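Trainee: Just so you know, the protein sequences line up as chains H and S, in that order.
The numbering of the first sequence is our numbering, which starts it at 1 and goes up by one.
The numbering of the second sequence is our numbering, which starts it at 1001 and goes up by one.
Let me begin by handing over the structure; questions about it come next.
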Amino acid sequence: MNRGKIYAFLVPTISVLIALGIGSIVILLIGKNPITAYSVMFQGAFGGIEALADTVVKMTPLVLTGLAVGFGFRAGVFNIGADGQMAMGALMGAIVAMSFGWLPPVILIPLSIISGMVAGAIWASIAGFLKAFTGAHEVISTIMLNWIAINIGTFMVTGPLAVGTGTPKSPEIADAAKLPIILKVQAIQLTIGIVIAILVAIVMYILIEKTTMGYELRGVGFNPFAAEYGGINIKKNIVMIMAISGALAGMAGIVDLLGVPPHRFLGEFTAGRGFDGITIALIGRNHPIGIIFAALLISVLRTGSNAMQIRAQIPNDIVTIIQGIVIFLVAAERIVATLIEWKKRKKVTA
Amino acid sequence: MVPASTSTDLKPGKDDAIVMKGITKRFPGVLANDHVDFFVKKGEIHALVGENGAGKSTLMNQLYGFHLPDEGEIYINGEEASFRSPKDAINKNIGMVHQHFMLVGNQTVTENVVLGSEILHPVMKVFLDRKKARRTVMSLSKQFGLAVDPDSFIEDIPVGMQQRVEIIKTLYRGADILIFDEPTAVLTPQETEELFKVMKLLKKEGKTVVFITHKLNEVMAITDRVTVMRLGKVTGRVDTKDTNPRQLANMMVGREVLLRVEKKPHEPGDLLLEVEKLFVRDNRNLQAVKDVSLNVREGEIVGIAGVAGNGQSELVEAITGLRKVESGKIRMTGVDITNLSTWEIREIGLNHVPEDRLRRGLITKYPLYFNAILGKHKDEPFSRDGFLMLKNIRNYTKDLVERFDVRPRNIDQLAGNLSGGNQQKLIVARELDDKPRPSRCVVVSQPTRGLDIGAIEYIHKTLITMRDQGIGILLVSMELDEIFSLSDRILVIYEGEIMGEVTPDEITKEEVGLMMAGQRKAETAVERGDQK
Chain H
1 MNRGKIYAFL VPTISVLIAL GIGSIVILLI GKNPITAYSV MFQGAFGGIE ALADTVVKMT
61 PLVLTGLAVG FGFRAGVFNI GADGQMAMGA LMGAIVAMSF GWLPPVILIP LSIISGMVAG
121 AIWASIAGFL KAFTGAHEVI STIMLNWIAI NIGTFMVTGP LAVGTGTPKS PEIADAAKLP
181 IILKVQAIQL TIGIVIAILV AIVMYILIEK TTMGYELRGV GFNPFAAEYG GINIKKNIVM
241 IMAISGALAG MAGIVDLLGV PPHRFLGEFT AGRGFDGITI ALIGRNHPIG IIFAALLISV
301 LRTGSNAMQI RAQIPNDIVT IIQGIVIFLV AAERIVATLI EWKKRKKVTA
Chain S
1001 MVPASTSTDL KPGKDDAIVM KGITKRFPGV LANDHVDFFV KKGEIHALVG ENGAGKSTLM
1061 NQLYGFHLPD EGEIYINGEE ASFRSPKDAI NKNIGMVHQH FMLVGNQTVT ENVVLGSEIL
1121 HPVMKVFLDR KKARRTVMSL SKQFGLAVDP DSFIEDIPVG MQQRVEIIKT LYRGADILIF
1181 DEPTAVLTPQ ETEELFKVMK LLKKEGKTVV FITHKLNEVM AITDRVTVMR LGKVTGRVDT
1241 KDTNPRQLAN MMVGREVLLR VEKKPHEPGD LLLEVEKLFV RDNRNLQAVK DVSLNVREGE
1301 IVGIAGVAGN GQSELVEAIT GLRKVESGKI RMTGVDITNL STWEIREIGL NHVPEDRLRR
1361 GLITKYPLYF NAILGKHKDE PFSRDGFLML KNIRNYTKDL VERFDVRPRN IDQLAGNLSG
1421 GNQQKLIVAR ELDDKPRPSR CVVVSQPTRG LDIGAIEYIH KTLITMRDQG IGILLVSMEL
1481 DEIFSLSDRI LVIYEGEIMG EVTPDEITKE EVGLMMAGQR KAETAVERGD QK
């Protein structure tokens, strides 16, 4: 392993440790015992099959939104719109999954997932086209598209697709569209969703590192002027990058909907998980494998924090603080890199 | 060669303007100045020459207070001095004319000169006394032959005049010692002549001039003494009258250098590149290239001479597919390539060494082996069924860096970590190499900008070798010497128009200089006198 690869692994790991350290100071300040807090949190995330399954279920869409955003980052495109693309993907996929219930699962499940991906891709491509042909910055246009997507979603579940009373929701999808279950522990159903997410991460890795297309899009990300000079079509690449990124976000939405009860499209379906993708991509340093672990981390913090709140009466805002510090340290990687180097130097001189 | 050790016993006297003794400056990983002794006598023009990275700028930055030396002493006019900021240097009457002018574009010449040490109005103390300021500028202008218009805005005046404003600025601040940092890099030959007159006048008025340059003919033309630096050390200290360019070059590089490029008479073959009545607009949507026609044949180098910013960049970008052609035709081996994509143009065999190697030519965060295939990456054997063939790519790169002497040979390092010269070698190698598809014609823009003598020599030799093998080269350069020594034919461009075509044997640099300033060939040369 060369220096760059060691850093890519060490910086996030050390950042997490430092963040937990600072978090424990905060816990001390509010008069609680950090060791109890963290052990409860750990219990909540990993203690027993049920907790573990819950963590993995929650992690699945986060891997995909993380990949969506990370893929864009690798190519120099800031897709802040994963949340809207996720919503559009879930909505479109849900419509397919509830309308073609007579199809066998082997056809209906892939069909639903692909429709979700296409919807996410189209939604993201709008920002891609705007950037490529008018120069509109994708951060602005994807944020605006998020709002449009969220409102379309709300409209659908309060209007054309609305069923029942209470929370606005769509009808339940056909049973044939539900993802096969690997493991069922009480209310938690672990489906093949996580397998799909990890496979997608591997495909992503190959695409970025091993293909000519990956060469081009990383080139565009590093230096668009040199890429253009090297005969790489920048406009085509920007639209394509956006489309792929959107397809992944859309996939996150539909895989979650097909895999997790209540198997309905809800008004606030995404619950900000598209934005979590940004956090995860940053912590995972835009590397597909790193993103899997970053998604796991965020998922652990989420499930664990609930346990911490319930069983140790520590507000789960602590987790937001820890998450914020991790992001800060990873983004300002020089801080941690300097710490590592400083320690090394001390070892040499000692 | 004069040994550097003549300096051991010096007592800074009254007639020594600058004495720098044992100056050592370290930067992380670099010994930029290694016990450098540098002496300049009062009232002389002293050249400081050396390759890039030899430590000239570091030395001068310590004299001007940008850096503090780690070791060593500085004496100005016999008195010990310690500079912590440029302000201290200015107080000791040292002035610096920077390579990149430090002027405010939307202020007048007068305002720029007094900026920072304004003459205040005698009554209304907070206001500038414009009349007095203007008078001061005018009198300095007259005294030193520095023709400027005190009321013009900086953005409206030519580069040569902007430089004169910079000189007046330093004189206004009372400079007796003036440091010129590569002042001729941005000037036409005529403007250079003007500058030399100014330097002589400065000397006559008792000023001391330090002239940093790497153009040896300029050293010979204007200076009294020379200090040569190499790798952070002084390698020579001579009187100009006792030396010659060849000896100076050897001291700079540490080995024999060929100053003149040896080349066979050219044997032009078939027509490769044809440009016909080309019009191109720049980023501000102004007409940058106007009615340009030219052609390049196999086995010849066609040079385009001109001062920077006269449409060369837009012309090159239009030919290579990076900029839209407004009207006109571009053909390559008879095929119309007007407004084709960069990739399509490359596939026809028209390659490009871009003027800005870091912005255009390299993806600095990619390793060498990925940079070696930029623009060829979709071709066999580098890519097959959409997958990169890493083994083929690496083998190709190993061979390429070997053949074109890119150092170090480590193909895994990032292109951004190479020195400027080796970055340029890598680009030239990639664009001129015949694999995996033939390179028939290459547009080469500013191939040696910022490179040291050794790298320049290598690039020039490579271009000539390729020409002899039948490649056609369109060479764009701001360096007239380079145009003259490499080109078989020369086109001069001014404000986007071609002023005429000449051959290096039939014309002098001065005549080309006039064309670069906007005179058509018919007005300067004898032949074709019937044309208007």
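All C-beta atoms in this analysis are idealised placements derived from N, C-alpha and C, irrespective of residue type, glycine included.
Bear in mind the structure is a predicted one, so any value in this text is a computation, not a measurement.
Here's the rule I'm using: 16 or more other beta-carbon atoms within 10 Å means buried, otherwise exposed. How should residue 1528 (chain S) be labelled?
Mentor: For the purposes of this step, residue 1528 (chain S) is identified with residue 528 of the second sequence, where counting begins at 1. Bear in mind that a pLDDT of 42 at residue 1528 (chain S), under 50, signals an unreliable position, so the number given afterwards is only what the model happens to contain. So residue 1528 (chain S) counts as exposed.
Trainee: Thinking C-beta only, is residue 188 (chain H) closer than 9 angstroms to residue 50 (chain H)?
Mentor: Against the first sequence, residue 50 (chain H) aligns to sequence position 50. Against the first sequence, residue 188 (chain H) aligns to sequence position 188. Result yes, Cβ atoms of residue 50 (chain H) and residue 188 (chain H) sit closer than 9 angstroms.
Trainee: Note down the Cα distance separating residue 1511 (chain S) from residue 1231 (chain S), rounded to an integer number of angstroms.
Mentor: Taking the second sequence and counting its residues from 1, the one referred to as residue 1511 (chain S) is at position 511. Taking the second sequence and counting its residues from 1, the one referred to as residue 1231 (chain S) is at position 231. Rounded to whole angstroms, residue 1511 (chain S) to residue 1231 (chain S) spans 38 angstroms at the Cα level.
Trainee: Thinking C-alpha only, which one of S:1077, S:1050, S:1439, S:1349 is nearest residue 1450 (chain S)?
Mentor: Against the second sequence, residue 1450 (chain S) aligns to sequence position 450. Of the candidates S:1077, S:1050, S:1439, S:1349, the one whose C-alpha sits nearest the C-alpha of residue 1450 (chain S) is S:1050.
Trainee: Are there 16 or more other CB atoms within 10 angstroms of the CB of residue 74 (chain H), so buried, or fewer, so exposed?
Mentor: Residue mapping note: residue 74 (chain H) aligns to position 74 of the first sequence, counting from 1. Flag for residue 74 (chain H) reads buried.
Trainee: Using a Cβ cut-off of 9 angstroms (strictly closer), state whether residue 74 (chain H) contacts chain S.
Mentor: Locating residue 74 (chain H) in the first sequence gives position 74, counting from the first residue. No, residue 74 (chain H) lies away from the interface with chain S (no Cβ there is under 9 angstroms from its Cβ).
Trainee: Could you tell me if residue 1452 (chain S) is buried or exposed, where buried requires 16 or more neighbouring beta carbons within 10 angstroms of its beta carbon?
Mentor: Against the second sequence, residue 1452 (chain S) aligns to sequence position 452. So residue 1452 (chain S) ends up on the buried side.
Trainee: Considering residue 307 (chain H), what are the terminal residues of the beta strand (DSSP E) in which it resides?
Mentor: In the first sequence, counting from the first residue as 1, residue 307 (chain H) sits at position 307. Careful: residue 307 (chain H) lies outside any beta strand (DSSP E), inside the alpha helix (DSSP H) at 288-312.
Trainee: Tell me the residue span of the alpha helix (DSSP H) that contains residue 46 (chain H).
Mentor: Sequence index remark: in the first sequence, residue 46 (chain H) carries index 46 (1-based). Element bounds for residue 46 (chain H): 34-46.
Trainee: Do residue 1492 (chain S) and residue 1473 (chain S) count as a contact pair if the criterion is CB distance below 9 angstroms?
Mentor: What you label residue 1473 (chain S) is simply residue 473 of the second sequence in a count that begins at 1. What you label residue 1492 (chain S) is simply residue 492 of the second sequence in a count that begins at 1. No, these two residues do not count as a Cβ contact at 9 angstroms.
Trainee: Quick one: is residue 123 (chain H) buried, meaning 16 or more other Cβ sit within 10 Å of its Cβ, or exposed?
Mentor: Here residue 123 (chain H) corresponds to residue number 123 of the first sequence, with the count starting at 1. Buried.
Trainee: Fully enclosed by the stretch 1051-1136 of chain S, which alpha helix (DSSP H) runs are 4 residues long or longer?
Mentor: DSSP runs (the alpha helix (DSSP H)) wholly in the stretch 1051-1136 of chain S: 1056-1063, 1086-1091, 1109-1114.
Trainee: Checking contacts by CB at 9 angstroms: is residue 1132 (chain S) closer than that to chain H?
Mentor: Taking the first residue of the second sequence as position 1, residue 1132 (chain S) is located at position 132. Output row for residue 1132 (chain S): interface = no.
Trainee: Since residue 1230 (chain S) is in the beta strand (DSSP E), which residue starts that stretch and which ends it?
Mentor: Taking the second sequence and counting its residues from 1, one reaches residue 1230 (chain S) at position 230. From DSSP, the beta strand (DSSP E) with residue 1230 (chain S) extends over 1225-1230.
Trainee: What does the alpha-carbon distance come out to for the pair residue 79 (chain H) and residue 203 (chain H)?
Mentor: Locating residue 79 (chain H) in the first sequence gives position 79, where the first residue counts as 1. Locating residue 203 (chain H) in the first sequence gives position 203, where the first residue counts as 1. Each residue's alpha carbon lies about 20 angstroms from the other.
Trainee: Report the neighbours of residue 71 (chain H) on chain S: residues whose CB is nearer than 9 angstroms to its CB, in chain order.
Mentor: In the first sequence, counting from the first residue as 1, residue 71 (chain H) sits at position 71. Ordered by position in chain S, no residue passes the 9 angstroms Cβ test against residue 71 (chain H), which lies about 17 angstroms from the chain.
Trainee: Does residue 1377 (chain S) get closer than 9 angstroms to chain H when you measure Cβ to Cβ?
Mentor: Numbered from its first residue, the second sequence carries residue 1377 (chain S) at position 377. Taking Cβ atoms only, chain H reaches closer than 9 angstroms to residue 1377 (chain S), which makes this a yes.
Trainee: What residue from H:164, H:118, H:152 has the CA that sits closest to residue 269 (chain H)'s CA?
Mentor: Here residue 269 (chain H) is taken as the residue at index 269 of the first sequence, counted from 1. Nearest C-alpha to residue 269 (chain H): H:152.
Trainee: Tell me the DSSP bridge mates of residue 1445 (chain S)?
Mentor: The count along the second sequence starts at 1 and reaches residue 1445 (chain S) at position 445. Answer by DSSP bridge pairing, in chain order: S:1476.
Trainee: Decide yes or no for the touch test of the stretch 129-137 of chain H against the stretch 227-242 of chain H: beta carbon pairs closer than 8 angstroms, at least 3 of them.
Mentor: Enough Cβ pairs lie closer than 8 angstroms, so yes.
Trainee: By the criterion of Cβ-Cβ separation under 7 angstroms, what are the contact partners of residue 303 (chain H) in chain S?
Mentor: Residue 303 (chain H) sits at position 303 when you count from the first residue of the first sequence. Within 7 angstroms Cβ-Cβ: nothing; residue 303 (chain H) doesn't reach chain S, min ~37 angstroms.
Trainee: So which residues on chain S does residue 135 (chain H) lean against when the C-beta distance must stay under 7 angstroms?
Mentor: The residue labelled residue 135 (chain H) in the question sits at position 135 within the first sequence. Those do not exist, as residue 135 (chain H) stays about 13 angstroms from chain S at its closest Cβ, beyond 7 angstroms.
Trainee: Let me know if residue 1145 (chain S) comes out buried or exposed under the rule of 16 or more other beta-carbons within 10 Å of its beta-carbon.
Mentor: Position 145 of the second sequence, counted from the first residue, corresponds to residue 1145 (chain S). Exposed, since its Cβ has fewer than 16 Cβ neighbours within 10 Å.
Trainee: Just to confirm, is the Cβ distance from residue 1324 (chain S) to residue 1281 (chain S) under 9 angstroms?
Mentor: As a first step, residue 1324 (chain S) must be located in the second sequence, where it is residue number 324. As a first step, residue 1281 (chain S) must be located in the second sequence, where it is residue number 281. Yes, these two residues count as a Cβ contact at 9 angstroms.
Trainee: Does residue 1390 (chain S) pass the burial test, meaning 16 or more other C-beta atoms within 10 Å, or should it be called exposed?
Mentor: For the purposes of this step, residue 1390 (chain S) is taken as residue 390 along the second sequence, with counting starting at 1. Under this definition residue 1390 (chain S) is an exposed residue.
Trainee: In three-state terms, what does DSSP make of residue 1025 (chain S)?
Mentor: If you number the second sequence from 1, residue 1025 (chain S) lands on position 25. In this structure, residue 1025 (chain S) counts as strand in the three-state DSSP scheme.
Trainee: Tell me the DSSP secondary structure of residue 1156 (chain S) in three-state form.
Mentor: Within the second sequence, the letter at position 156 stands for residue 1156 (chain S). Helix.
Trainee: Just how far apart, CA to CA, sit residue 1170 (chain S) and residue 1116 (chain S)?
Mentor: The count along the second sequence starts at 1 and reaches residue 1170 (chain S) at position 170. The count along the second sequence starts at 1 and reaches residue 1116 (chain S) at position 116. About 12 angstroms.
Trainee: Helix, strand or coil for residue 337 (chain H)? Go by DSSP, reduced to three states.
Mentor: Stepping through the first sequence from its first residue, residue 337 (chain H) is reached at position 337. Reduced to three states, the DSSP call for residue 337 (chain H) is helix.
Trainee: Under the three-state reduction of DSSP, which class applies to residue 1250 (chain S): helix, strand or coil?
Mentor: By one-based count along the second sequence, residue 1250 (chain S) stands at place 250. Residue 1250 (chain S): helix per DSSP, three-state reduction.
Trainee: Taking 9 angstroms as the threshold (C-beta atoms), are residue 1222 (chain S) and residue 1199 (chain S) in contact?
Mentor: For the purposes of this step, residue 1199 (chain S) is taken as residue 199 along the second sequence, with counting starting at 1. For the purposes of this step, residue 1222 (chain S) is taken as residue 222 along the second sequence, with counting starting at 1. Their beta carbons are under 9 angstroms apart, which means residue 1199 (chain S) touches residue 1222 (chain S) by this criterion.
Trainee: Who are the neighbours of residue 1363 (chain S) on chain H, taking C-beta pairs under 9 angstroms?
Mentor: Residue 1363 (chain S) sits at position 363 when you count from the first residue of the second sequence. Those are 218, 219, 222, 223, 226, 227, 230, listed as they occur along chain H.
Trainee: Go through its chain and collect everything with a Cβ distance to residue 1342 (chain S)'s Cβ below 7 angstroms, but skip five positions before and after it.
Mentor: Along the second sequence, one-based indexing puts residue 1342 (chain S) at 342. Counting only Cβ-Cβ distances below 7 angstroms, and skipping sequence neighbours, we find 1320, 1321, 1322.
Trainee: Use the C-beta contact count for residue 1134 (chain S): other C-beta atoms within 10 angstroms, 16 or more gives buried, fewer gives exposed.
Mentor: Residue numbering aside, residue 1134 (chain S) sits at position 134 when the second sequence is read from its first letter. Classification of residue 1134 (chain S): buried, given that the 10 Å Cβ count is 16 or more.
Trainee: Can you confirm whether residue 1386 (chain S), when its beta carbon is compared against all beta carbons of chain H, has any partner nearer than 9 angstroms?
Mentor: On the second sequence, residue 1386 (chain S) is found 386 positions in, with the first residue counted as 1. Residue 1386 (chain S) counts as touching chain H.
Trainee: Would residue 12 (chain H) pass as an interface residue toward chain S - the criterion being a Cβ-Cβ separation below 9 angstroms?
Mentor: Residue 12 (chain H) sits at position 12 when you count from the first residue of the first sequence. No, because no Cβ of chain S sits closer than 9 angstroms to the Cβ of residue 12 (chain H).
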